[in-house]
Each structure stands twice: as C-alpha cells, then as structure tokens.
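Asks: A single structure is presented below for examination.
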Amino acid sequence: MASVTLLSTKGLSRSFGGIRAVENVDFELPEGQIRALIGPNGAGKSTFVGLLCGRIAASSGSVRFMDRDISHLPAHRRIALGMAYTFQITSVFARLSLYENVALAARRSIGSDRASVDREVASALERVGLTERTDQPAEDLSYGHQRLLEIAMGIAQHPKLLILDEPTQGLADSEIRQFNALVRELNAEATILLIEHNMDVVMEIADAITVLNFGEVLAEGPPEEIRQNRAVQAAYLGTG
Amino acid sequence: MDFGPYLLLASLEGAVMAAVLALTAVGLSVVFGVMRVVNVAHGEFFMLGAVLAWWVASWAVGHPAIGFVLALILAPILVGLIASAADMVVLKRVEYDPERTIVATIGLLYIIQQVTLMTFGPEARPVQPPFNQRLSLPWFEFGENGFELVWPWGLGTTSYKLFVIAAAIVILLGVWALMSRTKLGLYMRATQLDRQMAQAFGINVERVYVSVFGFGAGLAALGAVLIVPIQQAHYLMGGDPLLLSFIVVIIGGLGSLFGTVVAAVLIGMSDGVISMFFSPTLAKILSTLLVAFILIFRPQGLFGKRAA
Amino acid sequence: MRPEAKSLALHLGLLALLVIAQFVVSPFHHGNLSRIMVLAVFAIGYNVLFGYVGLLSLGHALFFSAGMYGMGLAMQHLGVSALAAIAVGVFSAFVLSAVVGAVALRTTGVAFMIVTLMLAQAGYLAILYFGAYTRGDEGFVIQPEFRTIAGLDLTDPTVRYFAAFFVLAACLLLTLRLVHSSFGRVLVAIRENEERARMLGYDVFRHKLIAVIISGTLSGAAGAVYGLLFGYVGATFATVQYSILPLLWVLLGGAGTVIGPFIGTLFMFYLIDFSSGLTSAYMVVAGVVLVLLTLFAPQGLAGEVKRRLLPWLP
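Chains as they are written, first to last, in my numbering: chain A, 1 to 240; chain B, 1 to 308; chain C, 1 to 314.
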C-alpha cells in the first residue's frame with residue numbers, strides 16, 4: 001500500500017542572530033506513522049517542531065500539511081487544521097481544573113455542546129488515568145501527572161498529527177510503560193511525531209526515526225538501521 | 001518682532017524647558033532602566049521638589065540666594081528620602097511586579113498630591129530667583145550699512161534662565177560620571193544587566209533599588225527646584241512633567257540615558273517652538289499620539305537598539 | 001444546585017435587593033444608588049477586559065466619554081431623540097474600541113497600559129481642542145425637557161432609578177452569560193496562559209479584540225446613560241482619573257468576578273462621599289485604597305470571598 005504523506009517540509013531553515021538552529025531540512029512524514037525525532041541537546045529538535053506548528057517563524061523554506069502549503073499560516077490556524085502540540089515544559093492552565101483544561105482543548109473542534117464536551121473530557125482523562133482528579137486545579141498535580149494532562153489535552157483535540165515534545169521526561173518507569181501503550185493506542189487515529197531522549201521508548205514504539213544534528217538531518221530510517229548507523233553513534237558518543 | 005528673533009526667543013525658552021525636562025526624564029529613565037518598573041508618581045516627586053523648595057526658601061532669612069541654595073540642596077534630598085521610604089514600604093512588598101507597581105504608584109500619586117493639597121493648599125506660590133538680571137540679545141540685519149547688529153525690543157532673556165541651562169548640563173554630566181565612574185554606578189549597571197547575576201556577585205540589589213528609586217525622584221525634584229523661580233509651585237504641577245517625561249523616555253528608548261537626554265532636548269525645544277506657532281493643545285495631541293504609535297511600532301524607541 | 005444555577009440565583013438576588021432598595025432608602029441614598037448602578041456598568045465593562053482577559057487598560061475614560069459625548073453631541077447638534085442619542089453614543093464607543101483594540105493589542109503588559117493611557121489622553125485633549133462643539137472644560141447641560149424616553153421623564157428620581165437598574169440588570173446578566181459561554185472560557189484561558197491557548201488553536205488576537213470591543217462598548221453605554229440620566233456632559237469624564245476609577249472599583253470589588261465591580265463601585269462611592277465631607281482632598285482615599293489593595297488584597301473583596309468560601313463564584 002502506498003502511504004500518503006501527511007506532513008512534509010522543503011528547505012526549512014531558521015537562524016537566530018546568525019546561529020543556524022535548523023538548516024535546510026527536507027522532511028516527510030507518512031500518515032499513520034509513529035516517528036521519533038532524536039538528536040543531541042541543541043540539535044534543533046524543538047525549533048524544528050516549533051517551525052512545523054508555527055510557534056516560530058521560518059527564515060526560509062516551506063511546510064505542507066494534508067496537501068496544503070501552510071508556511072504562511074499563523075499557529076492557531078495550523079492547529080485548527082488538525083495538529084496538536086504538547087509542550088516540552090508543561091504548560092497547562094495551572095489555576096483551572098483538569099476538566100476545564102481538557103474542555104478547552106475539546107471545545108475548539110466539537111463546539112460548546114455540554115454533553116459532548118463532558119463525554120470527550122471524561123474519555124480523554126480516562127485514557128491517561130486521571131479520572132479521579134477531574135475537579136482539581138491542574139497546579140495540584142505532580143509534574144508527571146501534568147505531562148499526562150498535556151497528553152489528554154492533545155487527545156481531546158482529535159488531531160491528525162500529534163506532536164509530543166519530550167513527553168516522558170519526569171515520568172516514572174511504570175508510567176513510561178503506560179505511556180508507550182497509550183501512544184500505540186492513539187496511533188490508530190493519529191500520526192505521531194515525538195521528540196524523545198529516552199532511547200528505550202524510541203526503540204520500542206517508533207516506526208521510523210529522524211536524527212537531527214546541528215540543525216540538519218543526519219540520518220533517517222527504521223530503528224534498527226539507526227541503531228547501527230555510524231554517523232549517529234558519532235554524533236551521540238563523540239567517537240568516530 | 002520678525003520671524004528670526006522670534007525663533008531665537010522661542011528656542012531659548014525651549015532650551016530652559018529642555019534642561020528641566022532632561023533632569024526629570026533621566027530620573028524616570030534610570031528607575032525604569034535599573035528596576036524595570038514604571039513610576040507613575042514621578043511627576044508628584046517633581047511637584048514635591050517645587051513645594052519643598054518654596055517651604056525651605058520661605059524659612060530662610062537674608063538674601064533670596066541663601067534660601068534658593070538651601071532649597072537646591074535640601075529639597076532633592078528630602079524628596080529622595082520620601083521616595084526611598086515609599087520603595088521600602090510599598091514597591092518592595094509587591095516585589096516590583098511591573099503591573100502591580102503601576103497600580104501602587106498611581107496610589108502614591110494621589111496620596112502625595114492630595115496630602116500636598118491638604119497642607120500646602122491650592123494656591124500657586126513663587127520662589128525668588130537668586131539673581132535675575134535682564135539680558136537683551138542682539139540680532140543681525142543687512143541694512144543700508146551692510147551687516148549690523150540690532151537689539152530688537154522684546155528679544156531677551158534673564159541671567160537666571162541661562163543659569164538653569166548651565167546647571168542642568170553640569171548635573172547631567174555629574175549623573176553620567178556617577179553612572180560610569182563610581183562603584184554605585186557600577187552596581188546600578190550590573191543590576192540593570194542581570195539582577196540574579198548581580199546578586200550572585202554579592203551586590204545588595206535591595207539597597208541598589210532603594211537608592212535608585214530615591215535618586216530618580218531626587219533628580220525630578222532637582223529639576224523642579226530649578227524651574228520654580230520661573231514657574232510657581234502648585235499641587236497639580238506634576239501632571240505635565242510626568243506626561244512629557246514619559247514621552248521623552250519612550251522616544252529616547254526605555255532605559256537608554258543618552259537617548260533620553262537627546263529626546264529631552266528634541267521634545268523640549270520643539271515643544272517650545274511648536275507651541276509658539278500652533279495651539280499648545282494640538283501640539284500635545286500630536287505628541288501623545290506620537291508616543292502611542294512609537295510604542296506600538298518601534299517599542300525600542302527612536303534611539304534604542306532592538307533587542308536580539 | 002449546579003454552579004451556574006447558584007450564581008444566577010445570587011445575581012438575581014442582588015437585583016431583587018436593588019428593587020427593594022428603591023422603596024426603602026432615603027432620597028439621598030436613592031440618588032446615590034442610581035449613580036452607582038450606572039457607574040457599576042462602567043466597572044463591569046472594564047472588568048471584562050481586566051478581570052477575564054488580564055489586560056490592564058489605563059484608558060477606559062476614552063470609551064466612557066465616547067459614549068457620553070456621542071450621546072450628548074447628537075442631542076445638542078443633531079437634535080435627535082434621547083433613545084437615538086444613546087444609540088449614537090454606544091455606537092461611537094463601539095467603533096472607537098475596535099480601532100483602539102486593533103492598534104493597542106499589538107503591545108502587551110506595561111506597553112499596553114501606556115498606549116491606552118496615551119490614546120485616552122489624546123481623546124481628552126481632542127475634546128478640549130474642539131471646544132467650539134464640546135464646550136471644552138465647562139461641558140454642557142442636557143436640558144430636562146429633552147431627557148425623556150417613550151414619554152417617561154428621566155429627571156424623575158424613581159424613573160431614573162429604574163432606568164439605571166434596567167441598564168445594570170441587562171449588563172450584569174449579559175456578562176454572566178458571557179463568562180459561562182465557551183467564548184468567555186477562552187478569555188480566561190488567555191489570561192491564564194496565552195501561549196497555551198494559542199497552541200490549542202484559538203485565535204488569541206481575535207478573542208482579545210472582541211473582548212476590547214465588548215468592554216469598550218459597555219463602558220460607552222455607561223457613559224451615554226450617565227450623561228443622559230444626570231443631564232451633564234463634561235471633559236472631566238475623559239480625564240485620566242476616570243480611567244483609574246474603574247480600575248480601582250474592580251480591584252476593590254474583585255477582578256474576574258461578575259459581582260465584584262458592583263461591590264467595588266458601591267464601596268468606593270461611599271468611601272469618597274464620606275471623605276469629601278471631611279476634606280477637599282478626598283482623592284487621598286483613592287490613593288490609600290489603591291496602595292493597600294496592591295499590598296494586602298490583590299484579589300479584592302469578592303475575590304477573597306471566592307477564594308475562601310465560594311469557589312463557584314463566576
């Protein structure tokens with residue numbers, strides 16, 4: 001079966017005051033994949049996804065999403081087209097309840113009908129296992145639970161593309177196992193692009209891996225191939 | 001009077017205005033630069049300087065110059081102390097949060113202004129200048145005898161006005177020296193650059209803030225003492241300097257001392273000149289709109305550098 | 001009871017109290033209450049922006065006076081009826097708030113405060129500059145014979161009271177509806193975490209702009225009604241002081257609560273009224289209250305009640 005490309009970039013670049021954070025990246029993400037984006041610290045991973053969803057303006061290059069050039073759309077329009085983005089540093093609405101956090105995510109796509117919002121919130125919170133805490137303010141949650149809330153907010157948006165920026169940071173091992181299962185489950189509905197440091201997670205759930213180094217694509221391929229790749233080892237371990 | 005002499009007269013009046021404005025605006029700018037807060041009560045510290053100058057001068061005996069010199073020393077110090085006290089009691093407690101500080105200093109504005117109304121009263125009161133010789137100024141003409149100097153009627157200034165200009169220049173040079181040559185100036189610049197880092201290097205940031213807030217208010221008061229022999233002391237006189245200082249600081253670039261002085265000269269001179277030819281209200285409308293649009297479209301000011 | 005039902009009951013209760021008050025309070029307080037109710041509409045309008053979006057404007061006198069002068073000038077120079085004049089006033093505030101919002105919202109934080117302050121100052125100066133029409137500082141009186149709507153004499157204290165009550169009630173219920181709507185919830189989301197709201201796909205600028213327009217238009221409606229009910233249009237209402245007052249009322253009553261602005265207006269009105277009996281420098285009270293509020297009760301009266309006792313308070 002020929003796969004359909006959901007998202008692609010051509011020559012995508014961004015520099016900050018002369019420093020090139022992302023340099024001339026051509027990237028293709030087929031629909032239905034779980035793609036991991038890895039690379040050493042400062043490789044430009046967060047900047048790259050920032051360029052995809054419009055948080056950061058590109059210096060040059062283009063982004064296509066669902067056969068549409070979205071390079072000039074502001075962030076909120078891109079999100080409305082079917083992207084969801086979870087922040088690296090948790091960024092929930094701290095003083096609002098979990099219910100309201102997820103409801104805000106749900107309402108944009110399904111409207112304000114109370115019953116369907118309730119249903120949506122309940123199902124999203126259940127999938128991440130936070131049902132009992134529905135009415136608590138988000139600031140009362142532990143860091144790991146706030147990350148799960150972020151993911152619930154992503155789920156409630158029913159995105160075509162779910163971008164997760166370091167989702168397992170700060171999670172306990174048991175929570176990570178849960179998380180892996182959850183991502184596989186979500187993959188039935190959404191294509192997933194995930195920035196991840198935890199290589200166990202990457203190797204276990206990713207269909208394919210893209211390696212960024214100094215803002216450029218260093219390698220791309222299935223997990224086994226990447227594991228064997230000399231250049232990737234060099235970039236990570238500093239040996240050649 | 002012909003246009004030429006008229007313009008010279010307007011520029012002289014403008015220069016006096018610019019001198020006082022530069023002092024007041026530099027005070028506001030230093031506070032904003034180092035502490036990153038906007039002091040809405042700044043105009044009231046100016047007013048307080050003028051009122052205290054009247055108070056000191058009316059207690060002094062002998063030649064008016066004695067009262068004036070005493071006022072020039074005491075009023076800024078008193079105002080600086082009051083401002084430092086306000087910093088410790090109020091601003092420190094709201095942790096210099098930018099928005100809460102604005103609300104709190106609006107409160108201070110009303111308190112200072114209204115307490116002055118209760119004590120000093122609603123009248124405008126003059127302070128005698130220490131000296132006030134009238135100086136006629138020459139103008140040149142090409143007449144039948146070629147180039148010659150004439151002394152048009154009405155073209156003149158006073159020795160005191162020239163003194164104000166000179167004094168302001170000296171004080172500003174002093175401020176510059178303080179900022180660039182002394183330890184306190186070094187502490188201030190370090191705090192301005194990076195508060196946490198300054199603290200890590202053992203600078204008592206709290207004390208720097210107290211001194212800077214007092215120093216900024218003291219500068220405004222100094223400007224007021226200089227102007228009060230020309231313009232009387234009144235409890236509502238703080239409004240205009242506040243507005244103009246805002247304009248100057250924003251056009252000059254928030255926190256840039258050099259830009260502030262240049263902008264003060266520009267605004268002070270042009271205000272003096274413009275209001276001789278246009279309605280002062282129209283001039284004010286245009287300048288407030290100018291400030292609003294500079295903030296919107298060029299927030300770093302006309303002379304400031306864009307942050308990276 | 002659901003939170004929405006509880007809050008509706010509370011606000012209807014307040015309105016009922018105000019109806020009862022009309023029959024029991026002395027003429028002096030009766031007149032005061034009429035003024036307070038209209039000024040509370042101003043405060044409620046201010047609170048839409050300050051309390052729910054978290055944008056602190058120092059220029060709402062511009063919208064209040066736009067409503068007032070739109071109404072007054074239409075009556076004075078175009079000779080339209082009182083009701084049409086109110087419409088002109090509200091429309092002026094609507095247009096002006098759209099324009100101010102579109103430019104001022106390019107800034108945030110302190111710059112937003114100063115930009116709104118400057119634009120309002122320009123508006124005040126414009127009123128003085130066009131003194132030929134506006135009568136400058138002096139302002140002008142709206143003659144009693146023109147102050148009627150549908151045969152009701154608005155100079156009559158009882159009619160005036162109920163006119164003010166009607167406007168307040170409409171405004172209060174409208175805001176209640178607004179904050180429970182999904183639009184209102186997005187405003188709160190923007191206040192709490194603007195970047196997150198944007199990354200949930202909400203058009204933050206559009207939401208803020210609509211909030212500025214609602215806030216400005218409500219303030220303008222308050223200005224228009226105030227001018228008509230009390231028969232005077234003057235430049236004082238365009239000064240900085242009238243930009244600070246709604247901030248003060250909302251801070252005192254509790255920002256981000258629907259009932260707070262009314263409570264704040266009520267308290268502050270009587271506080272100033274009381275102190276102006278003691279001294280001509282009565283604004284010193286406003287200063288002291290502002291400083292004390294920022295120091296000790298940034299949540300305001302209703303805000304503290306909400307935090308401690310009634311978390312469902314909208």
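Glycine included, C-beta positions come from ideal geometry on N, C-alpha and C.
Are the C-beta of residue 55 of chain C and some C-beta of chain B separated by less than 7 Å?
Replies: no
Asks: Quick one: is residue 131 of chain C buried, meaning 16 or more other Cβ sit within 10 Å of its Cβ, or exposed?
Replies: exposed
Asks: Rounded to the nearest angstrom, what separates residue 92 of chain A and residue 84 of chain A at their Cα positions?
Replies: 14 Å
Asks: Determine whether the beta carbon atoms of residue 281 of chain C and residue 232 of chain B lie at a separation below 7 Å.
Replies: no
Asks: Please report the residue range of the beta strand (DSSP E) in which residue 203 of chain B lies.
Replies: Careful: residue 203 of chain B lies outside any beta strand (DSSP E) and carries neither H nor E.
Asks: Between the alpha carbons of residue 206 of chain B and residue 229 of chain B, how many angstroms are there, rounded?
Replies: Pairing residue 206 of chain B with residue 229 of chain B, the inter-Cα distance amounts to about 36 Å.
Asks: The beta strand (DSSP E) with residue 258 of chain A in it runs from where to where?
Replies: Residue 258 of chain A is absent from the structure shown; chain A starts at 1 and stops at 240.
Asks: Strictly by DSSP, which residues pair up with residue 139 of chain B?
Replies: B/150
Asks: Taking Cβ positions only, does residue 306 of chain B come closer than 7 Å to chain C?
Replies: Unreliable positioning characterises residue 306 of chain B in this predicted model, as indicated by a pLDDT of 46, which lies under 50. A coordinate reading is not provided.
Asks: Buried or exposed for residue 240 of chain A, going by 16 or more other Cβ atoms inside 10 Å?
Replies: Only weak support is given to the placement of residue 240 of chain A: the predicted model assigns it a pLDDT of 41, under 50, and the value that follows is read from those uncertain coordinates. Looking at its Cβ environment, which holds fewer than 16 other Cβ atoms inside 10 Å, residue 240 of chain A is exposed.
Asks: Counting pairs of Cβ atoms below 8 Å between the stretch 3 to 15 of chain A and the stretch 64 to 82 of chain A, do you hit three or more?
Replies: yes
Asks: So if I threshold CB-CB distances at 8 Å, which residues from the stretch 82 to 115 of chain C count as touching chain B?
Replies: 103, 104, 106, 107, 109, 110, 111, 113, 114 and 115
Asks: On the criterion of 16 or more Cβ atoms from any shown chain inside 10 Å, does residue 83 of chain C qualify as buried, or is it exposed?
Replies: exposed
Asks: Can you tell me the Cα-Cα spacing of residue 148 of chain A and residue 255 of chain C, whole angstroms?
Replies: Those two C-alpha atoms are separated by around 31 Å.
Asks: Please confirm whether residue 104 of chain A has its beta-carbon closer than 7 Å to some beta-carbon of chain C.
Replies: yes
Asks: With DSSP collapsed to three states, give me the class of residue 8 of chain A.
Replies: In this structure, residue 8 of chain A counts as strand in the three-state DSSP scheme.
Asks: Out of C/167, C/276, C/290 and C/264, state which residue places its alpha-carbon closest to the alpha-carbon of residue 303 of chain C.
Replies: Minimum Cα-Cα distance from residue 303 of chain C among the listed residues C/167, C/276, C/290 and C/264 corresponds to C/264.
Asks: Using a threshold of 7 Å, state whether the C-beta atoms of residue 224 of chain C and residue 67 of chain C are closer than that.
Replies: Result yes, Cβ atoms of residue 224 of chain C and residue 67 of chain C sit closer than 7 Å.
Asks: Helix, strand or coil: which one does DSSP assign to residue 219 of chain A?
Replies: DSSP places residue 219 of chain A in strand when its eight states are reduced to three.
Asks: With a threshold of 16 other CB atoms inside 10 Å of the CB of residue 47 of chain C, please say whether the residue is buried or exposed.
Replies: buried
Asks: Spatial neighbours of residue 242 of chain C within its chain, please: CB distance less than 8 Å, with the 5 preceding and 5 following residues excluded, ordered by chain position.
Replies: 60, 61, 64, 65 and 236
Asks: State the beta-bridge partners of residue 194 of chain A as determined by DSSP.
Replies: A/36 and A/164
Asks: Am I right that residue 152 of chain C and residue 159 of chain C are in contact with their C-beta atoms under 8 Å? What's the rounded C-beta distance?
Replies: 5 Å
Asks: So, helix, strand or coil for residue 179 of chain B, using DSSP?
Replies: If DSSP states are grouped into helix, strand and coil, residue 179 of chain B belongs with the helices.
Asks: Check for me: the alpha helix (DSSP H) holding residue 249 of chain B runs from which residue to which?
Replies: 239 to 252
Asks: If you reduce the DSSP assignment to three classes, tell me which class residue 313 of chain B lands in.
Replies: Here chain B covers residues 1 to 308 and nothing more, so residue 313 of chain B does not appear.
Asks: Smallest Cα separation from residue 262 of chain B: which of B/128, B/192 and B/22?
Replies: B/22
Asks: Could you check the C-alpha separation between residue 253 of chain B and residue 76 of chain A for me, to the nearest Å?
Replies: Going by the C-alpha atoms only, they are around 32 Å apart.
Asks: Just how far apart, CA to CA, sit residue 205 of chain C and residue 107 of chain C?
Replies: 11 Å
Asks: Looking at the secondary structure, which residues open and close the alpha helix (DSSP H) in which residue 290 of chain B lies?
Replies: 280 to 297
Asks: Rounded to the nearest angstrom, how far is the Cβ of residue 196 of chain A from that of residue 38 of chain A, given a contact under 8 Å?
Replies: 6 Å
Asks: Which of helix, strand or coil does DSSP assign to residue 207 of chain A?
Replies: coil
Asks: Less than 7 Å between C-beta atoms, sequence neighbours within five positions excluded: which residues of the same chain meet that for residue 101 of chain A?
Replies: Here residue 101 of chain A has 92, 93, 138, 149 and 153 as same chain residues with Cβ atoms under 7 Å from its own Cβ, once five neighbours each way along the sequence are excluded.
Asks: What three-state label does DSSP hand residue 265 of chain C in the structure shown?
Replies: helix
Asks: Helix, strand or coil for residue 307 of chain B? Go by DSSP, reduced to three states.
Replies: Because the pLDDT at residue 307 of chain B is just 42, under 50, the model does not fix this residue reliably, and the point stays unresolved.
Asks: Which chain C residues sit within Cβ distance under 8 Å of residue 95 of chain A?
Replies: The answer, in chain order, is 192.
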